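Shown next as structure tokens:
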């Protein structure tokens, strides 16, 4: 447990968090931003900024913090290595401008910021000094850096009022920030070549209604899409030409979804003799366990057709997230024909005649398109942007996950888990087996706050992000607590191979 506070309404006043310099936890709550030193277990949280923080994104490579804050839900741009106030005011005046071409360093840098300053060593956040300043006859602790108060050191991104969330994406050259509003998505961009370069507005995408989820998607080398999820559909917006593509639902996926839904709803009737008042028709009970004969090569025939008398609610989207790995560890028998290839000739020749035919193998990642984790209410599937299923494996949740995160259990192995945060449940599902390996919380209000990935440099390659922990808050016994989950905590719960 990292922090705790009183709670008189059984709510979750902690709303977000992010880790700075792989040490300091910035914890956003309804009164401000707290600082927690993760290397000092005895340290208490200290409020360094007094404003309600709804979302925090730390861009470590640019020494920048984006905070969705305040009564008007506007995005604030902050830095944690503070230049002079004169330089900061000049740079903030350039933010938000739309430029036909990217300005050079000489075009946007203030005159006072010479080359010697460019090469200076960036100060650590440990160099902040606590001071007491009275405001409205109340005394609050405020932090300063280079005699500049952090509370006042920010500027608001133009036209970011009433924002709902912020998503960031980094390449070797650029940083992108997508700000979600009720009726639009504003895409911001800045280069990473200098700490003082401002954000510029790149594009505005207007959407027909309020979206439930947005995220970035690439093709393993270039940022290509913004994924926008509504209740009834998921779309991919092409960044280059702003074309919108709807992600269809595969007919096989739809049948699996319907069958899984019925099994969950009426599991106790399916496992017991049918009573006269059973809502499941006898026809469906036979179909569920005795699929229709396979007279052709269509995989969809292995799933029963629902009877007309049984109504399944319409499929609704919850989220669509790009997988950070290629799932070639899934059981070969679950792979679809689009994403599997026959076993090698030598494997077939050396197999025993009395044994079952060798299983197919997964299509190599170099030959496969990018894959995504699609969540439809309480079920998740692995698909591509054309809607095709990668695997028939179903990831089933006890509660509809509001937020989803992926964690790698071992940096040397392609072994992953997916973590789903509901309103009262936190569940961890093993990607390979699709089995729930742990329920961290159940029956109490919970909220996802953020994650901590350590950036590890690699010679001649892009820095590698290694998972450290997830943070969340929960309400219990009239108090709110903040917890963290590490990979070792999950590994200890996995069944032995």
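In the numbering used here, the protein residues as written are 1 to 497. We put the CB at the ideal spot given by N, CA and C, even for glycine. Owing to the predicted nature of the structure, the values given are computational and were not obtained by experimental measurement.
Assumed close pair residue 474, residue 444 - CB separation to whole angstroms, cut-off 8 Å: 5 Å
Minimum C-alpha distance to residue 192 - residue among 65, 61, 251: 61
Own chain partners of residue 365 with C-beta closer than 8 Å, once the 5 adjacent residues on each side are dropped: 326, 328
At least 3 beta-carbon pairs within less than 8 Å: the segment 163-182 vs the segment 20-40: no
Distance between residue 68 and residue 410 (C-alpha atoms, nearest Å): 33 Å
Element boundaries [alpha helix (DSSP H), containing residue 264]: 251-265
DSSP state of residue 322 mapped onto helix, strand, coil: strand
Rounded separation between residue 26 and residue 393 - CA only: 38 Å
Span of the beta strand (DSSP E) around residue 486: 479-486
Helix, strand or coil at residue 374 [DSSP, three-state]: strand
In chain order, each beta strand (DSSP E) run of at least 3 residues that lies wholly inside the segment 136-176: 138-145, 165-170
Span separating the alpha-carbon of residue 201 from that of residue 188: 4 Å
DSSP-derived helix/strand/coil call for residue 332: helix
Where residue 381 sits in the DSSP three-state scheme: strand
Whether residue 223 touches residue 239 by CB criterion (8 Å): yes
Residue 178 burial status per 10 Å Cβ neighbour count (16 or more: buried): buried
Residue 230 versus residue 54: straight-line alpha-carbon distance, rounded: 22 Å
Cβ distance (whole Å) where residue 76 is taken to contact residue 154 below 8 Å: 5 Å
Inter-residue CB distance, residue 16 and residue 56 (contact presumed, cutoff 8 Å): 5 Å
Candidates 391, 214, 478, of which the one nearest residue 337 by Cα: 391
Residue span of the beta strand (DSSP E) that contains residue 17, given as start and end: 14-20
Cβ-based neighbour list, residue 254, same chain, cut-off 8 Å, excluding 5 preceding and 5 following: 315
Option nearest residue 371 by Cα separation, candidates 43, 32, 247: 247
Option in 333, 376, 387 with minimal Cα separation from residue 362: 333
Secondary structure of residue 72, DSSP reduced to three states: coil
Other residues of its chain near residue 47: CB distance less than 6 Å, five sequence neighbours each side excluded: 32, 34
C-alpha distance - residue 483 paired with residue 359, whole-angstrom precision: 43 Å
Residue 78 versus residue 59 - alpha carbon distance: 10 Å
Burial state of residue 206 (16 or more Cβ within 10 Å): exposed
Residue(s) in a DSSP beta bridge with residue 246: 235
Length of the line joining the Cα atoms of residue 141 and residue 29: 16 Å
Coarse secondary structure for residue 368, derived from DSSP in three states: coil
For residue 426 and residue 441, believed in contact at Cβ under 8 Å, the rounded distance: 4 Å
Option nearest residue 252 by Cα separation, candidates 74, 382, 195: 382
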